[in-house]
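Written out below as structure tokens is the structure these notes cover.
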Amino acid sequence: MTDPVTMTELWRGELLESLHRGHAVICDETGQVVQAWGDPGAVIYPRSSCKMIQALPLITSGAAAKWQLGPEQLALACASHNGAAIHTDRVRAWAEMLGLGEADFRCGPQDPDDRDAHEALIRAHEQPCQIHNNCSGKHAGFLTLSQHMGAGPEYIEIDHPVQQAVRAAFEEVTGETSPGYGIDGCSAPNFATTVEGLARAMAWFASAGGRSDRQSAAAVDLVDAMTRHPELVAGEGRACTELMRAMGGRVAIKTGAEAVFVAIIPEKKLGVAVKIVDGATRASECAIAAILSHLGVLDADHPAARTFLNPEIKSRRGIHAGEIRPAGGFPA
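Counting with this note's numbering, you get residues 168 to 499 for the letters of the sequence shown.
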């Protein structure tokens, strides 16, 4: 086993105050490791970074075509959204199209991260519901697939046909047998894999345009949906949304809880996976931005890139106090 490497540093004045270590892998279209930092074999939960994998059966089963789902719904199926109106209105309409409602979801309620939506609930003396959950788009996809399969309502159970289809797709694209699963924040199973396996899966997505099988065609549709609608994948001010915009739709990226981040780069047929071992999102955002800049697909001088690559630390009065930046030597 290789120890994690230092990827991100926090400087306050002239002092290195904190640092974050992690693992990262870049794979090519053959599934081989092109470059790695730390331990490629480290076993992780990909968390929400793998939502595009979880959405594959939605398309390959024929469910998406049956319900005429478009890029907006597919982007939401891959999303960890802010719970803004542009997200919740679309998820609610999707459920209604299926003849379902909020009570059919199994993701649990969540206070929206979007400030306007949060304050609107307070003014209306209302509580957040499951539609506000950042994973409600993924769960709308699960519900669509379950209904198409004629399966039962408890679609988050590990032995449910929906989750068995997800596991089969997950193991196929990672090229690994998952050693097990944990329960994600939205109550659905999250299958474990290595950092290398996750990067291999992203490279499989990146190279899908050169293949003609049904699974690959589904991957192309999902990547297109994410890059066409970055605002639905996360939300205003979020790294996924802002960095995809900065790259002009050329790259799909997705964060996951506990500091996981992935990138799909079709023009280079490369996939990237990052895991920061202490779970700090500020570090995974910096690390993925550094790798994307290193690969030449993100302009380090773009304002959005600087926001996550070198975020400024300010006092509560707005005085410059320091910055977060890639560690020396990373990711060269």
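Idealized CB from N, CA, C, for every residue including glycine.
Touch test, the segment 304–314 against the segment 278–290, Cβ-Cβ under 8 Å, three pairs minimum:
Inter-segment contact for the segment 304–314 and the segment 278–290 is absent: fewer than three beta-carbon pairs are separated by less than 8 Å.
Are the CB atoms of ASP281 and GLY250 within a distance shorter than 8 Å?
Residue 250 sits at position 83 when you count from the first residue of the sequence shown. Residue 281 sits at position 114 when you count from the first residue of the sequence shown. Cβ atoms of GLY250 and ASP281: closer than 8 Å.
Nearest CA to the CA of CYS453: which residue from LYS436, ALA406, PRO470?
Position 286 of the sequence shown holds residue 453. Per the Cα distances, ALA406.
If I follow the unbroken alpha helix (DSSP H) through LEU312, where does it start and stop?
Counting from one through the sequence shown, the residue named residue 312 turns up at place 145. For LEU312, the enclosing alpha helix (DSSP H) has its first and last residue at 303–316.
Cα-Cα separation between CYS296 and PRO276, rounded to whole angstroms:
By 1-based counting over the sequence shown, the position of residue 296 is 129. By 1-based counting over the sequence shown, the position of residue 276 is 109. So the two alpha carbons sit approximately 4 Å from each other.
Measure how close the beta-carbons of ALA447 and ALA426 come, nearest whole angstrom, since I'm counting them as under 8 Å.
Walking along the sequence shown from the start, residue 447 turns up at place 280. Walking along the sequence shown from the start, residue 426 turns up at place 259. Yes, ALA447 and ALA426 are in contact; Cβ-Cβ is about 5 Å, under 8 Å.
Can you say whether ILE289 is buried or exposed, counting buried as having 16 or more other CB atoms within 10 angstroms of its CB?
Mapped onto the sequence shown, residue 289 falls at position 122. The residue is exposed, with fewer than 16 neighbouring Cβ atoms inside 10 Å.
Check GLY489 in the structure and name its three-state DSSP category.
In the sequence shown, counting from the first residue as 1, residue 489 sits at position 322. DSSP places GLY489 in strand when its eight states are reduced to three.
Status (buried if at least 16 other CB within 10 Å, exposed otherwise) for LYS233
The sequence position of residue 233 within the sequence shown is 66, counting from 1. Looking at its Cβ environment, which holds fewer than 16 other Cβ atoms inside 10 Å, LYS233 is exposed.
Measure from the alpha carbon of VAL422 to the alpha carbon of each residue in TRP178, SER247, GLN221, GLY208, then state which is nearest.
Position 255 of the sequence shown holds residue 422. The amino acid occupying residue 422 in the given sequence is Thr; Val does not appear at that position. Nearest option by C-alpha distance: SER247.
Could you spell out the range, first to last residue, of the beta strand (DSSP E) harbouring CYS194?
Stepping through the sequence shown from its first residue, residue 194 is reached at position 27. 182–194 is the span of the beta strand (DSSP E), which, as asked, contains CYS194.
Quick one: grab the DSSP three-state call for GLU409.
Against the sequence shown, residue 409 aligns to sequence position 242. Helix at GLU409.
Which one or two residues does DSSP pair with GLY438 in a beta bridge?
Working through the sequence shown from its first residue, we reach residue 438 at position 271. Partner(s): CYS194, ILE431.
ARG412 to THR394 span [Cα, whole Å]
For the purposes of this step, residue 412 is taken as residue 245 along the sequence shown, with counting starting at 1. For the purposes of this step, residue 394 is taken as residue 227 along the sequence shown, with counting starting at 1. Their backbone Cα atoms lie some 8 Å apart in a straight line.
Simplified DSSP state of ILE323, which is helix, strand or coil:
Working through the sequence shown from its first residue, we reach residue 323 at position 156. Of the three classes helix, strand and coil, the one that applies to ILE323 here is coil, per DSSP.
What are the boundary residues of the alpha helix (DSSP H) that includes ARG334?
To locate residue 334, count along the sequence shown from 1; it is residue 167. Per DSSP, ARG334 belongs to the alpha helix (DSSP H) from 328–341.
Write down the C-beta distance between GLY349 and ASN357 rounded to the nearest angstrom, noting that I regard them as a contact closer than 8 Å.
Locating residue 349 in the sequence shown gives position 182, where the first residue counts as 1. Locating residue 357 in the sequence shown gives position 190, where the first residue counts as 1. GLY349 to ASN357, Cβ: 5 Å. Contact.
Quick one: what does DSSP say PRO356 is sitting in, helix, strand or coil?
Here residue 356 refers to the residue found at position 189 of the sequence shown. In the structure shown, PRO356 sits in a strand (DSSP, three-state: E or B).
Looking only at its chain, what residues have a beta carbon closer than 8 Å to the beta carbon of GLU363, apart from the 5 residues adjacent to it on each side?
Residue mapping note: residue 363 aligns to position 196 of the sequence shown, counting from 1. Apart from sequence neighbours up to five positions away, the residues of its chain that approach GLU363 with a beta-carbon distance below 8 Å are VAL192, CYS194, VAL200, ALA203, PRO207, GLY208, ALA440, ordered along the chain.
Buried or exposed: which applies to SER216, given that a residue is buried once 16 or more other Cβ atoms fall within 10 Å of its Cβ?
Position 49 of the sequence shown, counted from the start, is the residue given in the question as residue 216. The residue is buried, with at least 16 neighbouring Cβ atoms inside 10 Å.
If you draw a straight line from the alpha carbon of ARG273 to that of GLY342, how long is it in whole angstroms?
Indexing the sequence shown from 1 puts residue 273 at position 106. Indexing the sequence shown from 1 puts residue 342 at position 175. Near 29 Å, if we compare the C-alpha coordinates of GLY342 and ARG273.
For GLN235, the three-state DSSP class (helix, strand or coil)
On the sequence shown, position 68 is the one that residue 235 refers to. Coil, per DSSP.
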